[in-house]
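Worksheet for the structure shown next.
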Amino acid sequence: MSALILDGTRIAQQIRTEVAAEVRTMTVAGVRPGLAVVLVGHNPASEIYVRGKVKASEEVGIFSEQITPPESAGTDELLRLVSELNHRNDIDGILVQLPLPPQVDSKRVLLAVDPAKDVDGFHPMNVGYLSTQRPGLVPCTPAGVIEILKRSNVPIAGQEAVVVGRSDIVGKPAAMLLINANATVTVCHSKTRDLPGVCRRADILVAAIGRAGMISRDYVKPGATVLDVGMNTVTDPAEFQKFFAGNVKREESFRKKGSTLIGDVHPEVAEVAGAITPVPGGVGPLTIAMLMFNTVKAAKMRRGERVPELSRA
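Heads up: the sequence shown at position 161 corresponds to 160 in numbering that gives the first Met the number 0, and the numbers run straight through without jumps.
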């Protein structure tokens, strides 16, 4: 058996198209959603992420502003900047790119973001809204996981779901979204006993533990849907062979680049699962698409307007 590949790139494009249509309608009515991205210093990985977010904003018609304080910026300077953005009516979403420099109190800075503009969905108020099923801004990656399931017609209600990883950014909100969709949810972590056995109970398995290829076929019930949130870089040839031996296309790419991406799920799982998200091209593209959706959602909610619904086409 070979698993159905859940194409995150295609689903992300659907969402961007829907968001762009909503932005055009709002702009004609005199309201153009705005996103401010704060990037402190020159972290190469962060710069790549921010460029992608700014580009995506432009493509769907959202006004975007990139603000780049120097590497030396301190907590007080960033708190003043966040306060200014909180008070700007042309900015509906504020995204502070992590990590911040070591001299900055990251928690204080993130907590200072107006919850109504917290398009990352990390503020404790939005976490509380999620847990009590009130309208709020939901973390982008977990929201993307749910969109993949719904748009791929994978049943959630009544299913047993297992989330491997308990981070505040992915694991916990993913579990809460699945609970809200009427799944029966187990959250696993480094102290979980018989992790493979627990995972094998899952109809829906979400891997978000940050370890390359950790979830092997022994963790997966035949026919289960597997969502791989991991994004790990492999540079060691021996490790590459462990995961991709015999994959001619991957081997050629690895020889050229000296590296390749792998999720938290071993490629062999595709032989057991009923459906699986690839890496790259699975959950990753949904993160930025849902950021665009959250920016429009924030613009609507701040003005007391009806929040747009995704079509789930």
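Note that the Cβ used here is the ideal one computed from N, Cα and C, for glycine as well.
Q: Assign P138 to buried or exposed, taking buried as 16 or more other Cβ atoms, counted over all protein chains shown, within 10 Å of its Cβ.
A: As a working mapping, residue 138 is identified with position 139 in the sequence shown. Buried.
Q) What do you get for A312, buried or exposed, if any count of 16 or more other CB atoms within 10 angstroms of its CB means buried? A) On the sequence shown, residue 312 is found 313 positions in, with the first residue counted as 1. At A312 the pLDDT is 41, less than 50, meaning the model places this residue with poor confidence and gives no usable figure here.
Q.
If distances are taken between C-alpha atoms only, which option among R15, K54, A44, G40 comes closest to E66?
A. As a working mapping, residue 66 is identified with position 67 in the sequence shown. It should be pointed out that residue 66 corresponds to Ile in this sequence rather than to Glu. Considering only alpha carbons, the answer is G40.
(Q) Which residue wins for smallest C-alpha separation from K117, given the options R79, I93, P101? (A) Working through the sequence shown from its first residue, we reach residue 117 at position 118. Here the sequence assigns Asp to residue 117, which means Lys is not the residue at that position. Of R79, I93, P101, the residue nearest in Cα terms is I93.
**Q.** Same chain, Cβ closer than 8 Å to E308, five either side skipped, listed in chain order
**A.** Your numbering for residue 308 matches position 309 in the sequence shown. Answer for E308: no residue qualifies.
Q: Note the first and the last residue of the continuous alpha helix (DSSP H) segment covering G105.
A: For the purposes of this step, residue 105 is taken as residue 106 along the sequence shown, with counting starting at 1. Residue 105 is actually Ser in this sequence, not Gly. 105–111 is the span of the alpha helix (DSSP H), which, as asked, contains S105.
Q: With DSSP as the reference, label T234 as helix, strand or coil.
A: Here residue 234 refers to the residue found at position 235 when the sequence shown is read from its first residue. T234: coil per DSSP, three-state reduction.
Q. Under three-state DSSP, which class holds S56?
A. In the sequence shown, the residue the question calls residue 56 occupies position 57. If DSSP states are grouped into helix, strand and coil, S56 belongs with the helices.
Q. Quick one, are the C-beta atoms of M289 and I14 less than 9 Å apart?
A. As a working mapping, residue 289 is identified with position 290 in the sequence shown. As a working mapping, residue 14 is identified with position 15 in the sequence shown. Their beta carbons are under 9 Å apart, which means M289 touches I14 by this criterion.
Q) Identify the residues that DSSP records as bridge partners of C187: which are they? A) One-based indexing of the sequence shown puts residue 187 at position 188. Answer is V163, bridged to C187.
Q: Could you check if K296 is buried or exposed, using at least 16 other CB atoms within 10 Å of its CB as the buried criterion?
A: Against the sequence shown, residue 296 aligns to sequence position 297. With 16 or more Cβ atoms within 10 Å of its Cβ, K296 is classed as buried.
**Q.** Span of the beta strand (DSSP E) around Q65
**A.** Numbered from 1 along the sequence shown, position 66 holds the residue referred to as residue 65. It spans 62–66 - the beta strand (DSSP E) in which Q65 sits, taken as one unbroken run.
Q) My guess is that D167 and A207 are in contact by the Cβ rule of under 8 Å, so how many angstroms apart are they, rounded? A) Position 168 of the sequence shown holds residue 167. Position 208 of the sequence shown holds residue 207. 11 Å between Cβ atoms; not a contact.
Q | Secondary structure of V306, DSSP reduced to three states | A | Your numbering for residue 306 matches position 307 in the sequence shown. Here V306 sits in coil by DSSP.
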